[in-house]
Amino acid sequence: MLILNCPYCGVDAEETELAAGGEAHLKRFGPGSSEDEFHDYLFMRENPKGVHFERWRHSNGCGKWFHAARCTQTLEVFGTYSAQTTEPPKEIREAISAKRPGWAWREYE
7 MLILNCPYCG VDAEETELAA GGEAHLKRFG PGSSEDEFHD YLFMRENPKG VHFERWRHSN
67 GCGKWFHAAR CTQTLEVFGT YSAQTTEPPK EIREAISAKR PGWAWREYE
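Every letter in the sequence shown is one number past the one before it in this note's numbering, and letter 28, counting from 1, is 34.
Right under this line is the structure:
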């Protein structure tokens, strides 16, 4: 079972206490964007086999959104952090790189 630590209330929550919110760190497009940009924002998502950054909501707890870095193959969690960040924290990127040499995802290397 997937267990994530809520960075706000500090609870180690099982996945049944959480609500998945999809991919983290998306660039949002709205009014004034091209049709292609808006289409990609709505429909194009990463679906990697391996390390992935996701949004989660502690729905049966504090109710706040946060981000998690985890491996989709093994359910290994590298860390959780505030949803108000624009990129994964350096310590989480370093933890991933230490366990997955050569790992790269988007512009976060």
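Cβ atoms here follow ideal geometry from the backbone N, Cα and C, with glycine treated the same way. These numbers were taken from a predicted model, which means no experiment stands behind them.
Given a cut-off of 9 Å on the beta-carbon distance, is the pair residue i and residue j in contact?
i, j, result
"F59", "A26", "no"
"L8", "T86", "no"
"E97", "H64", "no"
Just mark residue i as buried or exposed, buried being the case when its beta carbon has 16 or more other beta carbons within 10 Å.
i, result
"P107", "exposed"
"R34", "exposed"
"A75", "buried"
"P94", "buried"
For residue i and residue j, I'd like the C-alpha separation in whole angstroms.
i, j, result
"P37", "D46", "14 Å"
"C15", "C68", "7 Å"
"A19", "S88", "15 Å"
"Q79", "G56", "6 Å"
"V83", "E100", "13 Å"
"C12", "F72", "7 Å"
"G28", "E52", "10 Å"
"C77", "K70", "22 Å"
"D42", "L32", "15 Å"
Could you spell out where the alpha helix (DSSP H) holding residue i opens and where it closes?
i, result
"L10", "Segment 9 to 11 is the beta strand (DSSP E) holding L10; no alpha helix (DSSP H) there."
Can you give me the start and stop residues for the beta strand (DSSP E) that residue i sits inside?
i, result
"A5", "Coverage of the chain is limited to positions 7 through 115, which leaves residue 5 absent and any answer about it impossible."
"R106", "Careful: R106 lies outside any beta strand (DSSP E) and carries neither H nor E."
Where are the alpha helix (DSSP H) runs, 4 residues long or more, that stay fully inside the segment 27 to 51, in chain order? 41 to 49
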